Every structure is written in structure tokens, then in C-alpha cells.
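A.B. asks: Remember, the numbering used here sits 144 above the position in the sequence shown when you count from 1.
Glycine included, each C-beta is placed from N, C-alpha and C at the ideal position.
As the structure is a computational prediction, the values presented were derived from the model and not from experiment.
Encoded as C-alpha cells, here's the structure I'll be asking about.
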Amino acid sequence: MPNKRLPHLNASMQPHMSRPSLVRSSSPKQEPDKRNGLDRDLLEESREECKRVRWNIPFDSLQDKRGPSKSKLSQKSPSFITPSSTKPMQFDPDTPKEVQVAHELRLAVHRGGGSTDPDHNYALRAKLSPLQLPYSRIQRILKECELYERNQNTFIVPIDYNDDQVALVCKARTHNLAELKQRLAPLLMRYKARLYNRHLFTETGVIKAIVPRKTRLNFSDFSQTVQTDALWCKASSGEISDYENGFVVFKCPPNELADVAAKLKQSGYKIHHSEIGHCPNEPLVSLSPRHLKRYVDFVMELKQDEDIFKVYDNVDHQI
């Protein structure tokens, strides 16, 4: 009988047995369930498992099975009324009047610098004033014009004309400047002009306003009043452009354009339009009547391009 006072030791009752070790099988390759996975590499197993795992199901495949979702149906853009072309179009007699008006507004937005705000686009304002369409229709057309203009950018295209100290600065609205230059190449070659910047212009804020007709003034008093108002509004200069209709042009630095326009409104002027233009640094160039006529023809052909909406030059046209 064992002594009950001594602890019961399992090692004394069971003989020592060595721990079994895994032996790789040299048998030919069989299916994994028959080999029990003994001769498989752990790295290969993890890679194969990663390859077999499909973490998520593509959302598009589910949509193809279930049908189009409400979000896709809502994202479909409605049919546009406004033509996307920026060239003048000839419409058939059966074309609705609304489509023709939409195309005119599209051209006005594009030729006015891409702005759909009539306060900043006087070309658009001139087209909107005689229209009698409902307000909702006009807003829809302007929204479509704004969507078309998102891919367009405004570029400055300098031109040197005929080596006569005549320089031009064109503002163009396009999505491809290289294509515009290639399109202008035959015209420039025919008039002996080139794309070259001689830095003869300065970027300037230009405000065209209408003087209030409270009192009738002669030209000298009118000019003195304009100069006084220009000093009070902190404009760099002010000059009369049309004495009969009361149009005055004020110039100021580009960063002070909004402040000067606000002070002119306080003085009683009606702002016709304001823009950031280009004014010549040196006195204007005078051309002979024959050269001036040829130059005017060149500018007219230049403005016929659908992407050029503004041309500045240093030529004296008052001859």
C-alpha cells in the first residue's frame, strides 16, 4: 500500500514519452483533404487563402441585378434647351422661339466674359432687357449657360500688328488656347501680324457710368465736375466719352474697382458696366487713312472669331 502522506506523482505512475514530430510526406501530390495539410507550406497557404477571400461585392454588379437606383435616376441630367455652340446659328422656321432666345443668351454670356450676372455682363443685360420670357425660363437658360462655361477659361492674347508700333491685347474665352492660336494663324499671316507681347499695356480698372441729368452744364463745367468726382472717388482719371448722352469713363487700379464703383453710385452716377481692361502706357499711334482702313478690317475679322470677346489697342481712331 502506498504511503498516503506522500503526494501523488503522475510522473512516477506514467513512463516518459518523447514528443511526436511532424514528418513531411514524400508521397505524390494529392488533394488537400487526403494529405491532411502536412506537406503544405504555411506561407503558400496564407497566400492562397488571401487570394480566395472576396472582401466586398462591387456595387455596380448589385445595381445591374436589382435595376437602376433612385440616385442614378436623379443624377441623369435633363434635356437642355440651350445649344452649346458659341457660333451664330441659322435656325429653321420650325425651331421653337425659346431655343432661339436661349442661343442668343448663350452667345451673350460667352462674349461677355462668361458671367451670367447682368450687373457684370452688359452684353447679357442688353439681351435680357427686351425679353418677355417667364423668370423661371430665363433662370433655367442662364443655369445651362453657366454649366457650359465651367470648362472655359479667359486668356490674354497679345498681338503685334504690321511693325507699325501698333499693338493689341485680345481677351479670349476658350477651353483650348492652342486651337485658338492655330485658327488665328492664317488671319495674322494675311495682315502681317504676329502673336507677340511688347508690354505696351497696363491692366486697369475701367468704369463706364452715366452722369445724372439734374442740371444742364456746358462742356467745360461738365469736365471740371468729372475731374472733381474722380478725385473724391479715388479714381486715377475721369474723362467724357459721350457728351450728348452723358457717358463718362473712370479709370482706377484693378484692386480698387469695387470701391470706386460704390463711391460713384453714392455720387449719383449710374454704372453702365465695369471691367478690368488694358490701357496703353504710351501715347496713341496715328495711322494714315489707308492704313487705318486696313487695320479696322483686321480688327473686324478678329472679332468675328467666336472665342474673342474683347480687343484693346493703342491706335487713335479719331481722325
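1. For Gly257 versus Thr230, is the C-beta spacing smaller than 8 Å?
2. Determine the DSSP secondary structure at Glu193, reduced to helix, strand or coil.
3. Going by alpha carbons, who is nearest to Ser331 out of Asn458, Phe453, Val443, Asp457?
4. With distances taken Cα to Cα, identify the nearest neighbour of Phe391 among Ser367, Lys271, Leu375.
5. Using 10 angstroms around the beta-carbon of Arg250, count the other beta-carbons present and answer buried if the total reaches 16, otherwise exposed.
6. State buried or exposed for His422, treating a residue as buried only when at least 16 other CB atoms are found within 10 Å of its CB.
7. Do Val253 and Leu275 have their CB atoms nearer than 8 Å?
8. With Asp307 and Tyr340 assumed to form a contact (beta carbons below 8 Å), what rounded beta-carbon distance in angstroms separates them?
9. Can you name, in chain order, every residue of its own chain whose Cβ lies under 7 Å from the Cβ of Ile420, other than the five neighbours on each side?
10. What does the alpha-carbon distance come out to for the pair Asp449 and Thr369?
11. Secondary structure at Asp441, three-state DSSP: helix, strand or coil?
12. With a cut-off of 8 Å on the beta carbons, I'd call Tyr456 and Val313 a contact; round off their distance for me.
13. Could you tell me how far apart the beta carbons of Ser385 and Ala405 are, in whole angstroms, since I believe they sit closer than 8 Å?
14. Looking at the structure shown, is Val355 part of a helix, part of a strand, or coil, going by DSSP?
15. Given Val459, which residues of its chain have a CB within under 7 Å of its CB, disregarding the five upstream and five downstream residues?
16. Expressed to the nearest angstrom, what Euclidean distance is found between the alpha-carbon atoms of Gln244 and Leu328?
17. Under a three-way DSSP split, which group does Ala379 fall into?
18. Just reading off the alpha helix (DSSP H) that His254 is part of, what are its end residues?
19. Can you name the start and end residues of the beta strand (DSSP E) that Val301 belongs to?
C.D. replies: Based on what the coordinates show:
1. no
2. With a pLDDT of only 45 at Glu193, under the threshold of 50, the placement of this residue in the model should not be trusted, and no figure is reported.
3. Checking the sequence, you will find Leu at residue 331 rather than Ser. Out of Asn458, Phe453, Val443, Asp457, Val443 has the C-alpha closest to the C-alpha of Leu331.
4. Ser367
5. buried
6. buried
7. Their beta carbons are not under 8 Å apart, which means Val253 does not touch Leu275 by this criterion.
8. Actually they do not touch by this definition, with Cβ atoms about 10 Å apart.
9. Glu347, Gly349, Pro398, Leu401
10. 40 Å
11. Three-state DSSP puts Asp441 in a helix.
12. 5 Å
13. About 16 Å separates the beta carbon of Ser385 from that of Ala405, a gap too long to meet the 8 Å contact definition.
14. coil
15. Taken in chain order, the residues that qualify are Val310, Leu428, Val429, Leu431, Tyr439.
16. Taking the straight line from one Cα to the other gives about 28 Å.
17. coil
18. 241-255 is the span of the alpha helix (DSSP H), which, as asked, contains His254.
19. Judged by DSSP secondary structure, Val301 falls within the beta strand (DSSP E) whose first and last residues are 297-305.
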